[in-house]
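Participant: Residue 9 in the UniProt record's numbering sits at position 9 of the sequence shown; the count goes up by one each step and never skips.
Dropping a structure here in structure tokens format, bear with me for questions.
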Amino acid sequence: MVKASVPKRPTRDEFELEDLGSQLEEAREDGDERALSVWGETEKVRGRIMVLDSRTRLVHVESEGTTRKIPFLDIMRVSYE
């Protein structure tokens with residue numbers, strides 16, 4: 001029996017992750033709505049960045065009154081769309 005392979009999350013270097021962290025921090029400070037491309041999801045996640053939790057490595061995104069917690073490493077791109 002062949003085990004179905006799940007695509008792995010792309011690896012990124014230290015500089016890419018640092019840049020992503022800076023973009024998320026800027027988005028949190030601005031309070032503007034952003035679109036996040038999240039690994040494994042077909043649609044972008046839209047909302048305001050409320051919390052960047054360094055302990056759990058989760059990004060709290062608020063949209064339409066609900067808060068969604070997304071793992072930092074699953075966020076591929078931040079945009080204004």
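C-beta: ideal position from N, C-alpha, C; glycine also.
Quick caveat: nothing in here was measured; it's all calculated off a predicted structure.
#1: May I ask whether a heavy atom of the ligand ATP can be found less than 7 Å away from the beta carbon of Lys8?
#2: Could you say which of Glu81, Leu52, Tyr80 lies nearest to Ile70 if we only look at CA atoms?
#3: Using the beta-carbon count (16 or more within 10 Å), is Gly31 buried or exposed?
#4: Considering only C-alpha positions, which residue in the set Arg57, Glu16, Glu33, Val38 is nearest to Gly47?
#5: Whose C-alpha, out of Arg9, Pro10, Ile75, Lys8, is nearest the C-alpha of Glu43?
#6: I believe Val61 touches Val45 by the beta-carbon criterion, under 8 Å. Please report the beta-carbon distance rounded to the nearest angstrom.
#7: Determine the DSSP secondary structure at Ser37, reduced to helix, strand or coil.
#8: Sorted by chain position, which residues of the same chain lie with C-beta nearer than 8 Å to residue 98's C-beta, five sequence neighbours on each side aside?
Facilitator: On the basis of the supplied data:
#1: Looking at this structure, you won't find the ligand ATP or any other ligand, since it has none at all.
#2: If you number the sequence shown from 1, residue 70 lands on position 70. Out of Glu81, Leu52, Tyr80, Leu52 has the C-alpha closest to the C-alpha of Ile70.
#3: The residue labelled residue 31 in the question sits at position 31 within the sequence shown. Result: exposed.
#4: The residue given as residue 47 occupies position 47 in the sequence shown. Looking at the Cα atoms, Glu33 is the closest of the given residues.
#5: For the purposes of this step, residue 43 is identified with residue 43 of the sequence shown, where counting begins at 1. Among Arg9, Pro10, Ile75, Lys8, the Cα nearest to that of Glu43 belongs to Ile75.
#6: Position 61 of the sequence shown, counting from 1, holds the residue named residue 61. Position 45 of the sequence shown, counting from 1, holds the residue named residue 45. Val61 to Val45, Cβ: 6 Å. Contact.
#7: The residue given as residue 37 occupies position 37 in the sequence shown. Reduced to three states, the DSSP call for Ser37 is strand.
#8: Residue 98 is absent from the model: the chain starts at 1 and stops at 81.
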